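Residue numbers (the numbering used here): 312 to 466. Each residue gets a CB set at the ideal place from its N, CA and C atoms; glycine is no exception. Note that the structure is predicted; figures quoted are calculated from it, not measured. So the structure is just underneath, and the comments pick up after that.
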Amino acid sequence: SRHGAALIEEYIDGIECTVLVAENPEDPQHPTTYPPAQYRFPEGESFKHSDLKWVDYEGLSSFAVPDPVLAQSLRDEAARFFVGLKGASFGRCDLRVDHQGTPYMLEINANCGVYYPPTDYGGADICLSLDPAGHEGFTRQLVAAAFARNRRRSL
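Set out below in structure tokens:
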């Protein structure tokens, strides 16, 4: 009774990935997606839980999704999800991919942390580190998107 109802979800055995999505100032229906990152878990771990994210993260590592077809699929899925939720500014999508290559959206975090120090990068920072425009290009795009969104509201 203290915590109310519980939601039990099916565990998806496979890999875990993250994709950063940002509003496109020129065309909000086609957001920018950044290169997806895949996580490598420490021995004995198979998913990113709270302690692994905030306490014992030294053993967690990440790398660019090596399969270009899967990477594009994850980007497409994240973009559709962002648009479907009428996303603005940016969000980080976390996905699991089963052994058949089917992606499952876990969540979109519209308030995800970003701009952490390089030694403590979060998922959004990791995706930005894989993109040539990096944090600076991302920031410029967010500002441009905010101004464009304001102009569209004035019409």
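| Check | Outcome |
| --- | --- |
| Residue 413: first and last residue of the uninterrupted beta strand (DSSP E) it sits in | Looking at the DSSP string, residue 413 is not in any beta strand (DSSP E), and its letter there is neither H nor E. |
| Contact set for residue 343: own chain, Cβ-Cβ below 6 Å, skip 5 residues either direction | 333, 335 |
| Per-residue burial, residue 321 [other beta carbons within 10 Å of its own, 16 or more giving buried] | exposed |
| First through last residue of the beta strand (DSSP E) which encompasses residue 424 | Taken as a continuous stretch (DSSP letters only), residue 424 belongs to no beta strand (DSSP E), as it is neither H nor E. |
| Identity of the residues DSSP links to residue 349 by a beta bridge | 328, 374 |
| Reference residue 424; option with closest CA among 403, 409, 351, 393 | 403 |
| Same chain, Cβ closer than 6 Å to residue 446, neighbours up to 5 away in sequence not counted | 439 |
| Beta-carbon contacts of residue 355 that lie in its chain and below 7 Å, excluding the five residues immediately before and after | none |
| Own chain, CB closer than 7 Å to residue 432, minus 5 neighbours either side, in chain order | 440 |
| Supposed contact pair residue 385 and residue 376 - C-beta distance, whole angstroms, cut 8 Å | 7 Å |
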